[in-house]
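Below is one structure, written out as structure tokens; comments come after it.
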Amino acid sequence: EEIPLLETVGRILAEDIVADVDLPDFPRAIVDGYALQGASTFGASEGNPAYLTVTGSVAMGESPEVTIGPGEAVRIATGGMLPQGANSVVMVEHTEAIDEATIEVYRSIAPGQNMIAIGEDIKKKSRVLKQGHPIRPQDAGLLAAFGKQKVAVFRRPVIGIISTGDEIIPINETPNLGQIRDINTYTLMGLIHEAGAQAVSFGIVSDDFEILFEKCKLALDQCDMILISGGSSVGARDFTVDVLSALPDSKILVHGISISPGKPTILAKIQNKVFWGMPGHVVSSMIVFSRVVKPFVKHFSGQAGMQEKEHRLNARL
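With the numbering used here, letter number 109 in the sequence shown gets 209, and the count goes up by one each step, no holes.
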């Protein structure tokens with residue numbers, strides 16, 4: 101999808117960005133001072149200054165009409181365009197005005213010093229950012245430099261969350277003995293957002309086959325992926341695998357994985373959507389999401405080529 105540049109930070113590029121112009125596209129001063137020919141200052145020092153004739157000044161945002169010759173200089177501010185003939189800039193701190201038309205220069209300035217040449221930052225036709233790159237604030241600024249008002253990014257997948265269990269209650273209610281507040285929905289929503297997707301909650305569903313079946317059908321129409329929290333183990337009231345098997349065009353791909361905690365995890369394909377049966381225990385659910393579900397989310401959102409760094413710590417067991 102194409103979105104406005106102001107909304108791109110945190111999104112994933114869906115195209116390569118190629119520079120259509122040099123950056124900068126004119127020679128630019130990076131200090132306040134005087135634009136000149138470097139050769140005019142060779143050998144200059146505090147004891148033996150170079151004397152230059154000031155022939156004018158450069159207005160910001162304009163192309164100077166003056167041409168600089170040997171022994172000449174023009175006043176210039178940071179960001180100003182160097183006039184033709186100039187190849188360097190001397191800092192104003194290294195000069196002293198004798199009168200309106202003459203300055204002393206106390207430093208020898210090499211060609212190219214205190215300026216940025218055309219294309220020094222980025223050359224025309226070079227690749228600036230590649231597809232799959234997560235857009236950072238500095239990248240948005242770079243895109244603005246090339247006049248990109250809209251940018252093609254990968255659509256954020258929509259992931260639904262269904263929290264199941266007779267013992268689960270909304271967080272605004274006070275639990276009785278044997279009941280717990282719905283922790284998993286909020287935990288999973290945070291993990292989904294952190295992974296670069298959109299999260300949609302379909303609320304709490306009791307341990308009832310028909311209710312869960314209808315809720316899954318609703319989520320199937322609205323989401324790219326659905327996480328069912330709880331009901332994935334083999335208890336008498338764990339309906340998840342039965343409900344998923346009963347949905348049209350369904351296929352249970354996995355029921356149980358070699359991980360602990362999180363062993364009873366379910367993976368199913370229903371039509372062209374992915375369903376996960378997640379453990380009810382919040383820590384188990386977080387581990388399964390981090391190690392198993394998150395790579396799918398990354399793939400869906402265009403981040404398949406990005407690898408997260410693993411951090412290792414020393415511990416005594």
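We put the CB at the ideal spot given by N, CA and C, even for glycine.
{"Query": "Mind checking K398: buried by the 16 CB within 10 Å criterion, or exposed?", "Result": "buried"}
{"Query": "Which residue comes first and which comes last in the alpha helix (DSSP H) that contains Y206?", "Result": "Note, Y206: premise wrong, no alpha helix (DSSP H); not H, not E."}
{"Query": "My assumption, with CB atoms under 8 Å, is that G180 sits in contact with M160. Please give the rounded CB distance.", "Result": "6 Å"}
{"Query": "Using beta-carbon positions only, say whether I261 and A297 come within less than 8 Å of one another.", "Result": "no"}
{"Query": "Considering Q298, what are the terminal residues of the beta strand (DSSP E) in which it resides?", "Result": "298-305"}
{"Query": "Using alpha carbons as the reference points, say which of G143, A129, T274 lies closest to V66.", "Result": "Because the chain in this structure spans residues 101 to 417, residue 66 falls outside the shown range and cannot be described."}
{"Query": "At which residues does the beta strand (DSSP E) containing L229 begin and terminate?", "Result": "227-229"}
{"Query": "From V343, A299, I203, V300, pick the residue whose C-alpha is nearest to that of L312; which is it?", "Result": "V343"}
{"Query": "Okay, do the stretch 366-378 and the stretch 319-331 touch, 3+ Cβ pairs below 8 Å being the bar?", "Result": "yes"}
{"Query": "Between A150 and E165, what straight-line distance do the alpha-carbon atoms span, to the nearest angstrom?", "Result": "25 Å"}
{"Query": "Which value, in whole angstroms, describes the spacing of the CA atoms of D239 and L229?", "Result": "8 Å"}
{"Query": "Thinking just about the alpha-carbon of each residue, which of R416, F396, E115 is nearest to the one in Q231?", "Result": "E115"}
{"Query": "Just how far apart, CA to CA, sit P234 and F302?", "Result": "29 Å"}
{"Query": "The alpha helix (DSSP H) with H399 in it runs from where to where?", "Result": "394-400"}
{"Query": "Roughly how many angstroms separate the alpha carbons of S145 and I198, rounded to a whole number?", "Result": "16 Å"}
{"Query": "If I209 and G138 are in contact, beta carbons under 8 Å, what's the gap, nearest whole angstrom?", "Result": "5 Å"}
{"Query": "Nearest CA to the CA of V154: which residue from N276, M215, V253, G169?", "Result": "G169"}
{"Query": "Can you name the residues that DSSP bridges to Q375?", "Result": "The residue you asked about is not Gln; residue 375 is Phe in the sequence shown. DSSP lists I326, A368 as partners of F375."}
{"Query": "Taking DSSP's pairing of strands, which residues face Q184 in a bridge?", "Result": "T167"}
{"Query": "For the alpha helix (DSSP H) that L288 lies in, which residues bound it at each end?", "Result": "283-294"}
{"Query": "Use the C-beta contact count for P379: other C-beta atoms within 10 angstroms, 16 or more gives buried, fewer gives exposed.", "Result": "buried"}
{"Query": "Using the C-alpha atoms, what's the distance from P257 back to A135?", "Result": "53 Å"}
{"Query": "Could you tell me whether the Cβ atoms of I292 and R281 are closer together than 8 Å?", "Result": "no"}
{"Query": "Give the single residue among G265, N414, T178 whose Cα lies nearest to the Cα of V131.", "Result": "T178"}
{"Query": "State the start and end residues of the unbroken alpha helix (DSSP H) segment that holds P237.", "Result": "237-245"}
{"Query": "Just the Cα atoms here: how many angstroms apart are A119 and E310?", "Result": "56 Å"}
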